[in-house]
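Here's the structure we're looking at; comments come further down.
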Ligand SMILES: Nc1ncnc2c1ncn2[C@@H]1O[C@H](COP(=O)(O)OP(=O)(O)OP(=O)(O)O)[C@@H](O)[C@H]1O
Ligand SMILES: [Mg+2]
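In our numbering, the protein residues as written are 7 to 247.
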């Protein structure tokens with residue numbers, strides 16, 4: 007059996023605020039295989055974002071081990087974490103806003119800022135990513151000339167250009183109406199079918215239904231971890247609330 011893409015062993019995260027401490031993760035162990043599609047669910051404050059930040063190398067755990075492609079990264083310094091983040095991980099976080107005054111194409115090119123990849127290849131990858139999310143016709147638009155769904159698709163295209171090992175999405179459909187949410191999820195499901203590993207956080211059951219597996223957190227602990235039956239035609243299904 008191949009090594010898992012991600013292996014977390016007894017991950018704990020304690021936030022310190024002056025004298026007081028808060029344990030946001032209380033020993034999370036989790037394995038994610040390449041090609042998986044995981045939805046993390048749980049009540050507000052249960053530790054979902056904290057877990058995503060650790061998985062996405064935006065923050066380090068207080069204790070425990072984190073193996074990414076068999077390499078232990080839980081104890082790396084910030085500088086080394088940043089390198090891994092840039093090379094291995096694509097983010098579709100609402101906090102990572104697009105640059106308003108730039109075009110869709112320029113936003114998708116942002117991850118190449120410090121890259122040595124030749125310009126021609128950068129353009130090729132950016133155009134291919136825009137094609138994957140169906141946004142070629144909007145590539146010269148400024149992002150303030152886009153709909154909510156198109157903004158999110160731009161963020162997905164941008165997350166793809168470095169060919170990341172994993173795509174992380176924290177509430178990728180949070181501000182979108184039901185129809186647009188399902189369009190975005192169809193795109194993510196299609197990317198997963200093409201082999202991309204995806205981990206997302208959502209509060210909504212019908213969004214989580216697109217994932218292959220649902221991990222539920224409560225008070226900083228995994229309380230359930232279940233595979234879902236594959237739902238055929240999910241990517242073409244039209245669902246409205
Ligand atoms: N920087 C911080 N300092 C102190 N406590 C924090 C910090 N970040 C998060 N917490 C606490 O850790 C717990 C988990 O927070 P987290 O953001 O992971 O929750 P969440 O599951 O993502 O919630 P939501 O659904 O509301 O986004 C919360 O009780 C929160 O108050
Ligand atoms: Mg959160």
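Glycine included, C-beta positions come from ideal geometry on N, C-alpha and C.
Exposure of residue i, with buried meaning 16 or more beta-carbon neighbours within 10 Å
i: residue 229; result: exposed
i: residue 50; result: exposed
i: residue 124; result: exposed
i: residue 245; result: Reliability of the predicted coordinates at residue 245 is poor, the pLDDT of 45 falling under 50, and the value obtained from them is presented with this limitation in mind. Per the 10 Å Cβ criterion, exposed.
i: residue 239; result: Here the model assigns residue 239 a pLDDT of 47, short of 50, so the residue's position is not dependable, and the following value carries that caveat. That one is exposed.
i: residue 156; result: buried
i: residue 252; result: Given a span of 7 to 247 for the chain in the structure shown, any question on residue 252 remains unanswerable.
i: residue 105; result: exposed
Selected residue, minimal CA-CA separation from residue i, among the options
i: residue 212; options: 190, 14, 164, 167; result: 190
i: residue 207; options: 119, 20, 141, 58; result: 58
i: residue 161; options: 171, 138, 183; result: 138
i: residue 47; options: 175, 221, 73; result: 221
Residue i: CB within 7 Å of a non-hydrogen atom of ligand 2
i: residue 19; result: no
i: residue 55; result: yes
Residue i CB to nearest heavy atom of ligand 1 below 7 Å
i: residue 23; result: yes
i: residue 48; result: yes
i: residue 51; result: yes
i: residue 214; result: no
i: residue 30; result: yes
Rounded Cβ spacing between residue i and residue j (contact assumed at less than 8 Å)
i: residue 113; j: residue 164; result: 6 Å
i: residue 134; j: residue 110; result: In fact, because the Cβ distance is near 14 Å, the residues do not count as touching under 8 Å.
i: residue 17; j: residue 60; result: 6 Å
i: residue 98; j: residue 170; result: That pair is no contact at about 11 Å.
Residue span of the beta strand (DSSP E) that contains residue i, given as start and end
i: residue 33; result: 26 to 38
i: residue 61; result: Note, residue 61: premise wrong, no beta strand (DSSP E); alpha helix (DSSP H) at 54 to 61.
i: residue 47; result: 43 to 47
i: residue 15; result: 12 to 23
i: residue 91; result: Residue 91 -> not in any beta strand (DSSP E); alpha helix (DSSP H) instead, spanning 84 to 94.
Where the alpha helix (DSSP H) through residue i begins and ends
i: residue 157; result: 154 to 166
i: residue 114; result: 110 to 115
i: residue 137; result: 125 to 138
i: residue 184; result: 184 to 199
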